[in-house]
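Below: the structure, in structure tokens.
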Amino acid sequence: MTDSTDRNIEIVLPARTDMAATLRVLAASLGADLGFTVDEIDDVRLALNEVFTSAADTDADDRISVTFRPAGNHLDVIMFLLGPDRIELDDLATTILRSVVDSFENVNGTVTFTKHAVEARI
22 MTDSTDRNIE
32 IVLPARTDMA
42 ATLRVLAASL
52 GADLGFTVDE
62 IDDVRLALNE
72 VFTSAADTDA
82 DDRISVTFRP
92 AGNHLDVIMF
102 LLGPDRIELD
112 DLATTILRSV
122 VDSFENVNGT
132 VTFTKHAVEA
142 RI
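As structure tokens, then:
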């Protein structure tokens with residue numbers, strides 16, 4: 022029997038805007054594996070992009086940790102900066118996240134969000 026953490030994917034990237042595409046590709050693949058529709062995959066990609074852009078270029082040496090936790094018909098994503106800087110979401114990013122994911126929170130600079138495959142047939 023496998024532990025649910027066996028499916029988790031953790032990645033650490035430079036916190037530079039040109040790295041966001043890497044996360045979007047990974048998210049699209051995970052979403053497809055979970056049975057997400059194209060619209061649901063786009064929602065996850067947009068959420069990732071908003072959080073990543075909010076964190077990017079805070080400091081030339083910053084790195085961002087992203088953990089994907091796929092389970093059943095949903096995907097949890099946890100993002101935070103390694104180092105002293107914290108992810109701060111502006112009003113626009115917060116509004117976008119509220120409209121594209123099922124839940125999210127930003128606690129002490131760690132952003133966590135969840136997207137369910139509501140429209141997909143599992």
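Take 22 as the starting number for the sequence shown in my numbering and just add one per residue.
Cβ coordinates follow ideal geometry from the N, Cα and C atoms, glycine included.
Please read all numbers here as calculations on a predicted model, not as lab measurements.
- For I117, the three-state secondary structure derived from DSSP is helix.
- Where T74 is concerned, the enclosing alpha helix (DSSP H) starts and stops at V59 to A76.
- Between T131 and F89, the gap from beta carbon to beta carbon reaches 7 Å or more.
- Counting along the chain, no beta strand (DSSP E) covers L44; the unbroken alpha helix (DSSP H) around it starts and ends at A41 to D54.
- Per DSSP, the unbroken beta strand (DSSP E) holding N127 starts and ends at S124 to V128.
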